[in-house]
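J.: Have a look at this one.
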Amino acid sequence: MDFVQAKWYGPGRTVPIRVIVIHDMEAPEGPLTAENIAHWFATMSADSKASAHVCVDSNSAVRCVADGDRAWHAPGANSDGLGIELAGYARQSRGEWLDQYSKGVLDQAARIVADWCQKHNIPARKLSVADLKAGQRGIVGHRDVSAAYGQTDHSDPGPNFPWDHFLSRVSAHMAPKKPAPPSPSKPKPSRYTPPAFPSGLKPNSSTPSAKSLQRALKAAGFMNKSVPESDNYGPKTQEGVGLFLRKYPQYAAQGSTWDVAIGPKGWAHLFTLAYGK
Ligand SMILES: [Zn+2]
């Protein structure tokens, strides 16, 4: 949202935000009405001294005063209120408030009001003049502030403002976002268990020596490099050969010795993987 700082406002707040005040701008419906009124607030002469927190038209919103500062929009509710200016006129009929342009305005405003309601813990409900005077939290029109506190005679946003439509749009913008559907649960990777094969196989004449086999398994990535070398074809060596065979099952065969189970082609492939051709 663009921020065009209004010239006239009260820096800081001394009381918490309690009400949101809806205004209309008494300005023509156009694509740049929010920008124009924001510019007007930014350059206003000392004769007027007015501002609002946000101005909206059908296609944009312009921030004019920070929420933490007091805009001068509705005497009586400036200290604990937020003010938003909508493009349009207080004389508009319900039908005119619900034409295509105004529906855009109402939706722009509803998005911001919903955000305010959530940020400042304000219920998305219209307060009566009595509610307002009683200190309740909610949303009102400038005309309600005038009636409650008698400090101005402004009657915007007029008697035909479509509160029902507006509040339903606010609620729609406040609706919690639908949670993403749960992703299909992936099966937990099971802890690696060395294959039974070729456990228990014995070396024989054509089996590489234990140390050279361990070096080849490490070099080809089938055995952790931190495993110390040994002259035994121990469990780690068997596990490494099992991993090799799991990846290259074409070399696996049944037998009682590794030479039979793996064969010269398997050994050759392992050593090629380890050291290249
Ligand atoms: Zn007003």
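Per my numbering, residue -17 is the first one in the sequence shown, and the count goes up by one each step. Don't be surprised by glycine CBs; every beta carbon is placed ideally from N, CA and C. Computed from a predicted model, the values in this text were never measured in an experiment.
Are GLN82 and ALA43 close, meaning C-beta to C-beta below 9 Å?
T.: The count along the sequence shown starts at 1 and reaches residue 82 at position 100. The count along the sequence shown starts at 1 and reaches residue 43 at position 61. Going by C-beta atoms, GLN82 is not nearer than 9 Å to ALA43.
J.: So which residues touch the region around ligand 1, with touch meaning a C-beta under 5 Å from any heavy atom?
T.: HIS5, HIS124, HIS136, ASP138
J.: Leaving out five residues before and five after THR15 in sequence, what residues of the same chain have Cβ atoms less than 6 Å from its Cβ?
T.: Against the sequence shown, residue 15 aligns to sequence position 33. Here the set comprises ALA9, ASP39, ALA69.
J.: Measuring straight from C-alpha to C-alpha, what distance separates ALA192 and GLN232?
T.: Here residue 192 is taken as the residue at index 210 of the sequence shown, counted from 1. Here residue 232 is taken as the residue at index 250 of the sequence shown, counted from 1. C-alpha separation (whole angstroms): 23 Å.
J.: What separation, rounded to the nearest whole angstrom, lies between the Cα atoms of CYS37 and GLY123?
T.: In the sequence shown, counting from the first residue as 1, residue 37 sits at position 55. In the sequence shown, counting from the first residue as 1, residue 123 sits at position 141. Rounded to the nearest angstrom, the two C-alpha atoms are 15 Å apart.
J.: From this set, TRP(-10), SER208, PRO185, which residue's C-alpha is nearest GLY245's C-alpha?
T.: Here residue 245 corresponds to residue number 263 of the sequence shown, with the count starting at 1. Among TRP(-10), SER208, PRO185, the Cα nearest to that of GLY245 is on PRO185.
J.: Which residue comes first and which comes last in the alpha helix (DSSP H) that contains ARG76?
T.: Translated into positions along the sequence shown, residue 76 becomes position 94. ARG76 -> alpha helix (DSSP H) spans 76 to 79.
J.: Could you compute how far the alpha carbon of ALA157 sits from the alpha carbon of ASP62?
T.: In the sequence shown, counting from the first residue as 1, residue 157 sits at position 175. In the sequence shown, counting from the first residue as 1, residue 62 sits at position 80. Approximately 25 Å, taken between the alpha carbons.
J.: Whose CA, out of ALA48, ASN18, ILE4, ALA106, lies closest to the CA of ILE66?
T.: Residue 66 sits at position 84 when you count from the first residue of the sequence shown. Residue ILE4 is the option with its Cα nearest to ILE66.
J.: Identify which residue in ASN60, LEU183, GLY216 has its Cα closest to the Cα of GLY237.
T.: Translated into positions along the sequence shown, residue 237 becomes position 255. Cα-wise, what sits closest to GLY237 is LEU183.
J.: Can the beta-carbon of HIS102 be found closer than 9 Å to that of PRO(-2)?
T.: Your numbering for residue 102 matches position 120 in the sequence shown. Your numbering for residue -2 matches position 16 in the sequence shown. Against a cut-off of 9 Å, the Cβ pair of PRO(-2) and HIS102 comes out as a contact.
J.: With distance defined between alpha-carbon atoms, name the residue in ASP(-16), SER194, ARG151, LYS115 nearest to ALA59.
T.: Reading the sequence shown from its first residue, position 77 is the one you call residue 59. Ranking the options by Cα distance to ALA59, first place goes to LYS115.
J.: Less than 9 Å separating the beta-carbons of VAL95 and VAL152?
T.: Locating residue 95 in the sequence shown gives position 113, where the first residue counts as 1. Locating residue 152 in the sequence shown gives position 170, where the first residue counts as 1. Going by C-beta atoms, VAL95 is nearer than 9 Å to VAL152.
J.: Mapping the DSSP letters down to three states, classify ILE104 as helix, strand or coil.
T.: Taking the sequence shown and counting its residues from 1, the one referred to as residue 104 is at position 122. Coil at ILE104, not helix or strand.
J.: Return helix, strand or coil for LYS269, following the three-state DSSP convention.
T.: Because the chain spans -17 through 259 in this model, residue 269 falls outside it and cannot be assessed.
J.: Just tell me which of TYR71, SER30, ASP138, ASP51 has its CA closest to the CA of GLN(-13).
T.: Indexing the sequence shown from 1 puts residue -13 at position 5. Of TYR71, SER30, ASP138, ASP51, the residue nearest in Cα terms is ASP51.
J.: What does the alpha-carbon distance come out to for the pair ALA32 and TRP(-10)?
T.: Locating residue 32 in the sequence shown gives position 50, counting from the first residue. Locating residue -10 in the sequence shown gives position 8, counting from the first residue. Their Cα atoms are separated by approximately 6 Å.
J.: Counting only the same chain and skipping the five closest in sequence on each side, list residues whose C-beta sits under 8 Å from that of PRO57.
T.: Position 75 of the sequence shown, counting from 1, holds the residue named residue 57. So the qualifying residues of the chain are VAL127, TYR131, GLN133, THR134.
J.: Give the straight-line distance between the Cα atoms of THR239 and GLY203, rounded to the nearest whole angstrom.
T.: Residue mapping note: residue 239 aligns to position 257 of the sequence shown, counting from 1. Residue mapping note: residue 203 aligns to position 221 of the sequence shown, counting from 1. The straight-line gap from Cα to Cα measures roughly 23 Å.
J.: Do you know offhand how far ASP97's Cα is from VAL87's?
T.: Mapped onto the sequence shown, residue 97 falls at position 115. Mapped onto the sequence shown, residue 87 falls at position 105. Approximately 16 Å, taken between the alpha carbons.
J.: Could you check how far apart the C-beta atoms of ALA243 and ALA256 are, in whole angstroms? I think they sit under 8 Å.
T.: In the sequence shown, residue 243 corresponds to position 261, counting from 1. In the sequence shown, residue 256 corresponds to position 274, counting from 1. With 8 Å as the limit, ALA243 and ALA256 do not qualify as a contact, their Cβ atoms being about 19 Å apart.
J.: Applying the criterion that 16 or more other CB atoms from any shown protein chain within 10 Å of the CB defines a buried residue, is GLY117 buried or exposed?
T.: Numbered from its first residue, the sequence shown carries residue 117 at position 135. Answer is exposed; the Cβ neighbour count stays below 16.
J.: Can you tell me where the beta strand (DSSP E) holding ARG119 begins and where it ends?
T.: Along the sequence shown, one-based indexing puts residue 119 at 137. Where ARG119 is concerned, there is no enclosing beta strand (DSSP E), given that its DSSP letter is neither H nor E.
J.: Grouping DSSP H, G and I as helix and E and B as strand, with all else coil, what is ARG264?
T.: In the structure as shown, the chain begins at -17 and stops at 259. Residue 264 is therefore absent and cannot be evaluated.
J.: If you compare alpha carbons, which of ARG73, TYR230, SER188 is closest to MET260?
T.: Not covered by the structure: residue 260. The range shown for the chain is -17 to 259.
J.: Pick helix, strand or coil for GLY224, following the three-state DSSP scheme.
T.: Position 242 of the sequence shown, counting from 1, holds the residue named residue 224. Note: GLY224 maps to helix in three-state DSSP.
J.: Which class does TYR230 belong to by DSSP, given the choice of helix, strand or coil?
T.: Position 248 of the sequence shown, counted from the start, is the residue given in the question as residue 230. It is coil, neither helix nor strand.
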